[in-house]
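Sequence positions in the sequence shown follow our numbering and run 1 to 222.
What follows is a set of notes on a single structure, which appears directly below.
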Amino acid sequence: MQPEAPRLLALFGGTFDPVHLGHLRVAWEAAEFLDAEVRLMPANVPPHRPQPQASAAQRLAMLRAALRGQDRLLLDDRELRREGPSYTVDTLTDLREEIGATRPVVLLVGADAWSGLPGWHRWQDLFGLAHIGVLTRAGHEPREPAELQRQVAARRTGTVADLADSAAGRVIDIRVSALEISATQVRNELAAGRQPRYLVSDALLAEPSLLSAYAAPGSQRD
Ligand SMILES: Nc1ncnc2c1ncn2[C@@H]1O[C@H](COP(=O)(O)OP(=O)(O)OP(=O)(O)O)[C@@H](O)[C@H]1O
Ligand SMILES: O=C(O)c1ccc[n+]([C@@H]2O[C@H](COP(=O)([O-])O)[C@@H](O)[C@H]2O)c1
């Protein structure tokens with residue numbers, strides 16, 4: 001009898017400032033599509049963007065609250081234990097040291113992040129460490145700069161089973177529900193003194209201290 005193939009492990013990195021229903025739903029759909037263990041992984045110091053408004057501890061607390069009550073989506077806090085810019089290539093190298101070279105890993109990125117991949121630190125090395133799953137994102141047309149197209153042409157597959165055949169190196173497009181929600185929108189709602197109801201998990205609204213990093217000074221929310 002063939003030994004059972006190890007389950008796919010998928011990492012969904014982000015700033016999560018704060019985590020919103022767009023993140024949660026697309027991660028859920030990716031977990032179903034890939035039949036993978038999906039881990040949401042907050043960046044400590046996100047590279048290539050302004051630094052988050054909420055601290056790492058606050059972003060982690062919001063993620064914990066949002067993920068409570070289910071076990072399909074998990075939390076991975078490895079980047080919060082590392083100082084300096086949270087480069088994904090370093091994170092995947094660290095993960096490989098922990099789990100070894102053979103288990104298939106899928107790095108999940110939204111379509112907007114994917115377009116910017118050639119700007120990432122040592123981006124070409126990412127393909128040696130993980131597969132990449134590109135999630136559609138409402139409001140962000142798929143765009144692939146020429147250097148990314150060249151790198152990806154021979155790697156793309158439409159078949160999940162291909163991801164189990166190797167530890168890394170394939171690219172798969174994952175069509176998920178179009179939920180045009182962003183953390184920027186949530187921060188703006190809160191800064192204007194409004195509730196981000198139905199944009200974030202109810203668990204975040206139930207505990208007002210969780211969203212306190214975004215409140216307008218002196219604002220009163222109902
Ligand atoms: N609504 C969404 N649909 C699909 N992917 C998403 C969605 N929101 C975020 N993502 C993806 O989740 C990852 C983490 O995103 P991030 O934490 O920066 O959230 P964001 O909403 O884009 O934040 P901000 O508005 O602060 O830029 C990225 O790969 C991003 O493309
Ligand atoms: O490694 C890099 O150079 C790099 C550059 C930009 C983004 N990332 C990662 O991409 C993920 C999504 O980033 P963001 O800024 O959309 O939250 C998050 O895990 C970041 O650490 C990584």
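Just so it is clear, CB atoms sit at the ideal spot from N, CA and C, and this is done for glycine as well.
Would you mind reading off the limits of the alpha helix (DSSP H) that contains residue i?
i	result
Val-89	88-99
Ala-66	56-67
His-23	21-34
Ala-113	111-115
Ala-161	160-164
Of the residues the options, which one's Cα is nearest the Cα of residue i?
i	options	result
His-48	Ala-203, His-140, Gly-139, Gly-116	Gly-116
Met-41	Leu-24, Asp-162, Leu-205	Leu-24
Gln-70	Asp-90, Arg-96, Ala-31, Leu-108	Ala-31
Ala-36	Leu-63, Gln-149, Ser-55, Leu-163	Leu-163
Gln-53	Asp-125, Leu-80, Ala-183	Ala-183
Pro-104	Trp-114, Phe-127, Val-26	Phe-127
Leu-190	Leu-179, His-121, Pro-217	Pro-217
Ile-172	Leu-210, Pro-208, Ala-130	Ala-130
Pro-145	Pro-118, Gly-139, Gln-124	Pro-118
Arg-150	Arg-175, Ala-168, Gln-124, Ala-161	Gln-124
Val-38	Arg-96, Asp-94, Asp-76, Glu-98	Asp-76
Leu-108	Ala-154, Arg-82, Leu-8, Ala-101	Leu-8
Gly-169	Arg-155, Glu-180, Ala-178	Arg-155
Arg-72	Pro-196, Thr-136, Leu-11, Leu-135	Leu-11
Val-106	Arg-122, Phe-33, Val-45	Phe-33
Mapping the DSSP letters down to three states, classify residue i as helix, strand or coil.
i	result
Asp-222	Its pLDDT being 43, under 50, Asp-222 is placed unreliably by the model, and the measurement read from it follows with that caveat. Here Asp-222 sits in coil by DSSP.
Val-152	helix
Val-200	strand
Asp-76	coil
Val-45	coil
Gly-193	coil
Gly-133	strand
Gly-119	helix
Leu-107	strand
Thr-102	coil
What residue range does the beta strand (DSSP E) around residue i cover?
i	result
Glu-37	37-42
Val-171	171-174
Leu-240	Residue coverage of the chain in this structure runs from 1 to 222, which leaves residue 240 outside it and unanswerable.
Any heavy atom of ligand 3 closer than 7 Å to the CB of residue i?
i	result
Gly-116	With respect to small molecules bound, the structure shown includes ligand 1 and ligand 2 and not ligand 3.
So which residues touch the region around ligand 2, with touch meaning a C-beta under 5 Å from any heavy atom?
Of all residues, those with a beta-carbon under 5 Å from at least one heavy atom of ligand 2 are Gly-13, Gly-14, Thr-15, Ala-43, Pro-46, Pro-47, His-48, Arg-49, Ser-86, Tyr-87, Thr-88, Ala-113, Trp-120, His-121, reported in chain order.
State whether the region 201-210 contacts the region 56-71, with contact taken as three or more CB pairs (one from each stretch) at a distance under 8 Å.
At 8 Å Cβ cutoff, the stretches touch.
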